[in-house]
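Counting in the working numbering, the final residue of the sequence shown is number 294, and the numbers go up one at a time with none missing.
We put the CB at the ideal spot given by N, CA and C, even for glycine.
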Amino acid sequence: MSNQLDAPPKDNVAVVAKRARKSVFYMVLSAVGLMFVAPLVWMISTSFKTQNEAVTSTSLIPDSLTFENYAPLLQWEGKAPVLRWFFNSVLTSSLTTVLVVITAALAGYALAWFTFRGRSLVFSLVIGTLFLPGFIFLVPNYLIINELGLLDSLLALILPSVGGAFGVFFMRQFFSGLPRELDEAAKLDGAGDFRIFASIMLPLAQAGLSTLAVLTFLASWNDFLWPVYVLYTNSKLTLPAGLPLLQSTYIANQPLIMAGAVLASVPALIVFILVQRKIIESVAASGIKG
């Protein structure tokens, strides 16, 4: 009898077990989070160290905080015009984002809401290109850009990205999730197709458009291979393509390179922070529907 009285209630045991599982779960999440954050922290820390300290010390806190590594980055001309590269990246990433969002919204809406001959074939081709590795388009895109006479120009960075299949697929899935009754009600009120698209569908698709814009901006901002492929003039490079020029032939100046990497990361982080709520809303509202 006494053993039964001393035994803990089953509810208490279940609560303790649930708390233990939660603790383990949060510990695993924290460990994974640290794995992603650690390189960023190391990059920022190294950018404020002297070159000697960066080589000899593994501490994340610099012994002598210095901003000297950021001074060489404030150049518009010269061998490493980082400010010009930064401007080129902002310009090309912004224009690419605007054009991709416009074309993807138009194509995605047409594939989702209009019935026409060959629609399934077009959508299948869009899906099919998503499964192809990106590098196989390098040579065809290069030949097309060369034929157009656009090599070594910023247009060579923008045009190949405008008709991306992912954007069309993403927006088609998003528009497919909107209720059909909206279209029917608008047509009863006398609205045309373009007015329905511009006045009703686009405002409802803000979360999807924002998500696509962020993904496109980040992809364009971080692109390294294609700019190196088509740009030859030093001053026309983008920031990711130009940063390797900060490294001398024989000695790697780690703090200087990390300072450049910090500069390259700031716009991407700002864009993500500003629209992260839209991204979460987009995923929660629509997902990727078949």
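In the DSSP assignment, glutamate 188 falls within the unbroken alpha helix (DSSP H) covering 184 to 192.
About 14 Å separates the beta carbons of methionine 262 and serine 61, which is beyond the 8 Å limit, so they are not a contact pair. In the same chain as valine 218, and ignoring 5 residues on each side of it, the C-beta atoms closer than 7 Å to its own belong to Val275, Phe276, Val279 and Ile283, in chain order. Note on geometry: alpha-carbon atoms of aspartate 67 and glutamate 57 lie some 8 Å from one another. In the structure shown, alanine 217 falls within a helical segment according to DSSP collapsed to helix, strand and coil.
In this structure, the CA atom of alanine 256 is about 15 Å from the CA atom of proline 76. Each of Val105, Ser203 and Ser49 was checked against the Cα of phenylalanine 173, and the nearest Cα belongs to Val105. One thing to note: valine 266 has its Cβ within 7 Å of the Cβ of isoleucine 48. Glutamate 57 sits in a helix when the DSSP states are folded into three classes. Judged by DSSP secondary structure, isoleucine 148 falls within the alpha helix (DSSP H) whose first and last residues are 142 to 151.
A check of alpha carbon separations from phenylalanine 141 across Leu99, Ala202 and Leu229 identifies Leu229 as the nearest.
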